[in-house]
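Sequential numbering from 3 applies to the sequence shown in the numbering used here. C-beta: ideal position from N, C-alpha, C; glycine also.
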Amino acid sequence: MTNKASNKKILFGVTGSIAAYKAPSIVRCFKQKDYDVQVVLTSGGSRFTTPLTLSTVSGNTVLQSMWDDKGTWHNHVRLAKESDVLIIAPASANCLAKLANGLCDEMLYALYLSATCPVIVAPAMDLDMWKHSSVQRNVAQLAQDGVHVLEPATGFLASGLEGQGRLPDVEVITAFAEDVLSQSAKAS
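Here is the structure:
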């Protein structure tokens, strides 16, 4: 019996938020459900988690640049077209601004602009950053653009404050993604 997830390909973006330490657990959960996970790590994300860790749990080389060590170009268009979903967790305030405004200075953002599959962002940042009008404007723009936004959870934050801004639990993120994938399959 084949698991329905076995044919699903996930592009999984990790950006520069302290919550990036949770990314390996999320990737592992998708792998346990038999998804093929291709991790894309931004330069900011690599300050909080390592390519080695993400490569180990995903079973794939982590993409960080448009080019590999030998100068060969990673075809972001092909990668985006072959994927069933693009998930960015955590999505930092910087990431949300780049996505909402079409900026493309790293591999992850080139993939986003090339993606025809559903896109999910799971923002994670401090309470006051999340509430800031510019962040809320970017989130509203992304939702208007058809991006599925999984709002941050409420609880204790790395800053010592308490409020909305935490990356949702692994189970919440995976269930949300599976729901989006299910809706996408029904629509096609």
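#### Entry: Residues that Gly-157 bridges to, as DSSP identifies them
Here residue 157 is taken as the residue at index 155 of the sequence shown, counted from 1. DSSP, once it has assigned bridges, lists Gly-165 as partnering Gly-157.
#### Entry: Neighbour-count burial assignment, Ala-102, 16 or more Cβ in a 10 Å radius
On the sequence shown, position 100 is the one that residue 102 refers to. Within a 10 Å sphere around the beta-carbon of Ala-102 sit 16 or more other beta-carbons, which makes this residue buried.
### Task
Quick one: grab the DSSP three-state call for Lys-11.
Here the question's residue 11 lines up with position 9 in the sequence shown. Correct three-state label for Lys-11: strand.
### Query
Whose C-beta lies closer than 7 Å to the C-beta of Ile-175 among residues of the same chain, with five residues either side of it excluded?
The residue labelled residue 175 in the question sits at position 173 within the sequence shown. Cβ within range, chain order: Ile-28, Ala-91, Ala-124, Leu-152.
### Message
Residues in the same chain with beta-carbon distance under 8 Å from Ala-189, minus the five sequence neighbours each way, listed in chain order, please.
### Response
Counting from one through the sequence shown, the residue named residue 189 turns up at place 187. Result list for Ala-189: empty, nothing under 8 Å.
### Query
If Ile-122 sits next to Phe-32, beta carbons under 8 Å apart, how far is it from one beta carbon to the other, in whole angstroms?
Numbered from 1 along the sequence shown, position 120 holds the residue referred to as residue 122. Numbered from 1 along the sequence shown, position 30 holds the residue referred to as residue 32. Taking the Cβ atoms as the reference, Ile-122 lies roughly 12 Å from Phe-32, outside the contact range of under 8 Å.
### Task
Note down, in chain order, each residue of its chain lying with its Cβ closer than 7 Å to the Cβ of Ile-20, except the 5 sequence neighbours on either side.
Here residue 20 refers to the residue found at position 18 when the sequence shown is read from its first residue. So the list reads Phe-50, Ala-160, once near-sequence residues are dropped.
### Query
Which class does Ala-95 belong to by DSSP, given the choice of helix, strand or coil?
Counting from 1 along the sequence shown, the entry for residue 95 is found at position 93. Taken through DSSP and simplified to helix, strand or coil, Ala-95 comes out as helix.
### Alpha-carbon to alpha-carbon, Glu-173 and Val-149
As a position in the sequence shown, residue 149 is number 147, starting the count at 1. As a position in the sequence shown, residue 173 is number 171, starting the count at 1. C-alpha separation (whole angstroms): 20 Å.
### Segment limits, beta strand (DSSP E) that includes Pro-125
As a working mapping, residue 125 is identified with position 123 in the sequence shown. DSSP places Pro-125 in the uninterrupted beta strand (DSSP E) bounded by 121-125.
### Query
Using the rule of at least 16 other Cβ atoms within 10 Å of the residue's Cβ for burial, across every protein chain shown, is Arg-168 buried or exposed?
For the purposes of this step, residue 168 is identified with residue 166 of the sequence shown, where counting begins at 1. Under this definition Arg-168 is a buried residue.
### Query
For Lys-133, does the count of other Cβ atoms within 10 angstroms reach 16, so buried, or fall short, so exposed?
Taking the sequence shown and counting its residues from 1, one reaches residue 133 at position 131. Counting Cβ neighbours within 10 Å, Lys-133 comes out exposed, since fewer than 16 surround it.
### Task
Would you give the residue range spanned by the beta strand (DSSP E) that Asp-38 belongs to?
Taking the sequence shown and counting its residues from 1, the one referred to as residue 38 is at position 36. Boundaries of the beta strand (DSSP E) around Asp-38: 38-43.
### Reduced DSSP secondary structure (H/G/I, E/B, other) of His-134
Counting from one through the sequence shown, the residue named residue 134 turns up at place 132. Judged by DSSP in its simplified three-state form, His-134 adopts coil rather than helix or strand.
### Message
Does Asn-140 pass the burial test, meaning 16 or more other C-beta atoms within 10 Å, or should it be called exposed?
### Response
On the sequence shown, residue 140 is found 138 positions in, with the first residue counted as 1. Asn-140 comes out buried.
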